[in-house]
Amino acid sequence: MNISELVGSNTEYLILGLILASTVLLLLIIILFIKQRKLNKKYKKFMSGKEAQNLEGLILSRFSEIDKLKLDTKGIHAQVEKINDNLLSTYQKIGVVKYDAFKEMGGKLSFVLALLDKNNNGIIMNSVHSSREGCYTYLKEIIKGESFLELSEDEKSALNQALMKNNYME
Numbered sequence: 000m001n002i003s004e005l006v007g008s009n010t011e012y013l014i015l016g017l018i019l020a021s022t023v024l025l026l027l028i029i030i031l032f033i034k035q036r037k038l039n040k041k042y043k044k045f046m047s048g049k050e051a052q053n054l055e056g057l058i059l060s061r062f063s064e065i066d067k068l069k070l071d072t073k074g075i076h077a078q079v080e081k082i083n084d085n086l087l088s089t090y091q092k093i094g095v096v097k098y099d100a101f102k103e104m105g106g107k108l109s110f111v112l113a114l115l116d117k118n119n120n121g122i123i124m125n126s127v128h129s130s131r132e133g134c135y136t137y138l139k140e141i142i143k144g145e146s147f148l149e150l151s152e153d154e155k156s157a158l159n160q161a162l163m164k165n166n167y168m169e
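Yeah, the sequence shown ends on 169 if you go by numbering that gives the first Met the number 0, and it's all consecutive.
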């Protein structure tokens with residue numbers, strides 16, 4: 000059996016198969032055409048007012064801006080670390096006690112102020128107010144939460160207040 004005999008006896012099936020294949024191909028062409036139009040619209044919208052070289056320059060400038068921002072961020076982090084290191088040596092704990100230095104005086108015009116850093120080092124400032132003599136201020140050094148000089152009850156109270164406070168950095 001040769002091809003001409005096979006085709007001759009089944010021509011209607013062959014024509015029907017070719018019509019079906021042509022229809023499927025036509026549908027695929029229409030679908031591809033629709034997708035191509037959508038893609039062209041998106042491309043035109045993306046490229047509106049820009050040439051390819053301008054777009055490349057724009058992308059490169061954004062990359063350089065990102066690199067600059069990364070450098071700036073590193074600098075800011077370094078500054079924050081430096082500030083945090085400086086904060087460790089500042090007074091972070093405070094205690095205040097107001098009192099009457101003399102029985103004849105009221106209003107609690109005298110005070111004790113305790114200022115301590117993270118390591119409980121600092122000062123106690125005692126300001127004694129007298130109506131006749133004025134105001135006298137005394138300082139005592141505090142090292143690791145203790146004084147080498149004797150402390151009054153008000154000074155001990157202010158120091159204990161400061162020692163009970165949490166560190167700023169915690």
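Positions of the beta carbon are idealized from the N, C-alpha and C atoms, including for glycine.
Who does residue i pair with in a DSSP beta bridge?
{"i": "Y139", "result": "Reading off the sequence, residue 139 comes out as Lys, not Tyr. DSSP lists I123 as partners of K139."}
{"i": "Y98", "result": "S109"}
{"i": "L114", "result": "I93, I122"}
{"i": "E145", "result": "I142"}
{"i": "G133", "result": "S129"}
Which residue wins for smallest C-alpha separation from residue i, given the options the options?
{"i": "Y98", "options": "I28, E152, K117", "result": "E152"}
{"i": "G144", "options": "T72, E154, G105", "result": "E154"}
{"i": "S126", "options": "N118, N119, A113", "result": "A113"}
{"i": "C134", "options": "I58, E80, T72, K107", "result": "K107"}
{"i": "N118", "options": "T72, I29, S130, T89", "result": "T89"}
{"i": "L173", "options": "S60, K164, S8, G74", "result": "Residue coverage of the chain in this structure runs from 0 to 169, which leaves residue 173 outside it and unanswerable."}
{"i": "E103", "options": "R131, D84, I93", "result": "R131"}
{"i": "L87", "options": "N120, G94, L70, K73", "result": "N120"}
{"i": "Y137", "options": "M46, F110, K41, G94", "result": "F110"}
{"i": "I141", "options": "I29, A161, S8", "result": "A161"}
Counting along the chain, where does the alpha helix (DSSP H) carrying residue i start and finish?
{"i": "E11", "result": "10-45"}
{"i": "M163", "result": "152-163"}
Determine the burial state of residue i: buried for a count of at least 16 other Cβ atoms within 10 Å of its Cβ, exposed for fewer.
{"i": "G16", "result": "exposed"}
{"i": "V23", "result": "exposed"}
{"i": "H76", "result": "exposed"}
{"i": "E94", "result": "Looking at the sequence shown, residue 94 is not Glu but Gly. That one is buried."}
Check whether the stretch 54-66 and the stretch 74-91 touch, using three or more Cβ-Cβ pairs below 8 Å as the test. no
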